[in-house]
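Heads up: the sequence shown begins at 1 in UniProt numbering, then just goes up one per residue.
The beta-carbon is built from N, C-alpha and C at its ideal position, and this holds for glycine as well.
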Amino acid sequence: MTDAEKVQFWKKHSYFETLPEDIAPMRRLLTEYSHMPADAVDAHLYAIRDKLWAVHKYPCIGRFSFLNLGMTKSVYYQEAVERLKSKSGSGEGRLLDLGCCVGQVLRQLVYEGVDPSRLAGADLHREFIDLGYEMFGDTETEAGKAFTFVAGDILADSPSPFDALAGSVTMIHAANFFHLFSWDEQVKAAKRIVGFLSDQNSGSPDGISIFGAQLAHRSPGEHRIVPLSPRTRYLHDATTFQKLWDEVGAVTGTQWRTAMSPLKSGIGAALTGNPEVMYVLYGVWRVKDV
1 MTDAEKVQFW
11 KKHSYFETLP
21 EDIAPMRRLL
31 TEYSHMPADA
41 VDAHLYAIRD
51 KLWAVHKYPC
61 IGRFSFLNLG
71 MTKSVYYQEA
81 VERLKSKSGS
91 GEGRLLDLGC
101 CVGQVLRQLV
111 YEGVDPSRLA
121 GADLHREFID
131 LGYEMFGDTE
141 TEAGKAFTFV
151 AGDILADSPS
161 PFDALAGSVT
171 MIHAANFFHL
181 FSWDEQVKAA
191 KRIVGFLSDQ
201 NSGSPDGISI
211 FGAQLAHRSP
221 GEHRIVPLSP
231 RTRYLHDATT
241 FQKLWDEVGA
251 VTGTQWRTAM
261 SPLKSGIGAA
271 LTGNPEVMYV
281 LYGVWRVKDV
């Protein structure tokens, strides 16, 4: 296959020409949170997607997956909303959206009544964060100023922009995150994630610590997620995901319980072309220090 043919194959696989049908919640967010005229939304989304695509050609950008707010239906998300809206003095609610892209989950949380000062976002690409302000039109608003954003590589050694997040949050949302890395990279990232959680998170087996959705595999191991990709990533099943957190716990003096359950069937296979790939919801709870 020539380089030109590879480019065309990649675009066919990862770049959709039309908006998907399942983005009604995003349209509602833009009209009600951003006060955008309904008849201007679609053109705006096409324009933002292409600006994001110019930064990095992730399949989640090209396929408009970043517009899907289906995660808001999960029990873990609903628990996070309840805790974030708590008025108690315990600081129970502060959430980091890791791999936040344009900050769409953070805006949804504000739309649902969460104080933006209880929200932080982090992404590899500062351009994505900046385009989030353009997408939602809140750069000059109180909400726009109150978010905490960090841009950088979570795998980079300290000193790092991520050092500012140490001990600062009680919950972490990390969607489409772990499946980007090898096993060793996931261990390194998870060790840093443990450091983001405040002491108030310790020993709270009933409260979710980390949650999200990701690709999984019926035969866990190193897999090539998308055709023609030059590298593989580690895709888990429920057993290996627990083993990952057992390893992280052993090196951080913590203990973790995990859960993983399938989401809508066919998403993983549609993305990768492999029927063995699943898309799953996961949760991680801190059990106790050891």
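Residues bridged to residue i by DSSP?
| i | result |
| --- | --- |
| D280 | The question names Asp, but residue 280 is Val in the sequence shown. BP columns for V280 point to Q214 and P262. |
| M171 | L95 |
| D123 | A151 |
| Q78 | In DSSP, Q78 forms no bridge with anything. |
| Y234 | E222 |
| R197 | One detail in the question is off: residue 197 reads as Leu in this sequence, not Arg. DSSP, once it has assigned bridges, lists V169 as partnering L197. |
Drop a sphere of 10 angstroms on the beta-carbon of residue i, count the other beta-carbons inside from all chains shown, and report buried for 16 or more, exposed for fewer.
| i | result |
| --- | --- |
| S219 | exposed |
| residue 350 | Missing from the structure shown is residue 350; the chain here goes from 1 to 290 and no further. |
| D184 | exposed |
| Q104 | buried |
| L251 | It should be noted that the sequence gives Val, not Leu, for residue 251. V251 should be labelled exposed. |
| residue 291 | For the chain, the structure presents residues 1 to 290; residue 291 sits outside this window and is missing. |
| P37 | exposed |
| H35 | exposed |
| D138 | buried |
| G167 | exposed |
| T239 | exposed |
| S65 | buried |
| residue 295 | Outside the modelled stretch of the chain, which goes from 1 to 290, sits residue 295, for which no answer is possible. |
| R231 | exposed |
| K12 | exposed |
| A80 | buried |
| D199 | exposed |
| T254 | buried |
| G62 | buried |
| G221 | exposed |
| D153 | exposed |
| T170 | buried |
| P116 | buried |
| A122 | buried |
| A40 | exposed |
| D97 | buried |
| A216 | buried |
Contact criterion: CB-CB distance below 9 angstroms. Does residue i meet it with respect to chain E?
| i | result |
| --- | --- |
| D237 | Chain labels in this structure do not include chain E; a single protein chain is all it has. |
If residue i sits next to residue j, beta carbons under 8 angstroms apart, how far is it from one beta carbon to the other, in whole angstroms?
| i | j | result |
| --- | --- | --- |
| L244 | H179 | Wrong, their Cβ atoms sit about 12 angstroms apart, outside the cutoff. |
| L69 | M135 | Their Cβ separation, rounded to whole angstroms, is 13 angstroms, which puts L69 and M135 out of contact at 8 angstroms. |
| L131 | I48 | 6 angstroms |
| G113 | K73 | About 17 angstroms separates the two Cβ atoms, so there is no contact after all. |
| F181 | A189 | 6 angstroms |
| V277 | W256 | Not confirmed; about 24 angstroms, so no contact. |
| Y33 | Y111 | 4 angstroms |
| F147 | L119 | 6 angstroms |
| Q214 | V280 | 6 angstroms |
| F177 | G249 | Contact flag wrong, Cβ pair sits at about 19 angstroms. |
task = Spell out a yes or no on whether the stretch 119–133 and the stretch 52–60 are touching, meaning 3 or more CB-CB pairs, one atom from each, closer than 8 angstroms.
result = Taking a cut-off of 8 angstroms for Cβ pairs, the stretch 119–133 and the stretch 52–60 touch, as three or more such pairs fall below it.
task = Ignoring anything shorter than 4 residues or poking outside the stretch 48–76, list the alpha helix (DSSP H) runs there in chain order.
result = As for any alpha helix (DSSP H) of minimum length 4 sitting wholly inside the stretch 48–76, the runs are 59–62, ordered along the chain.
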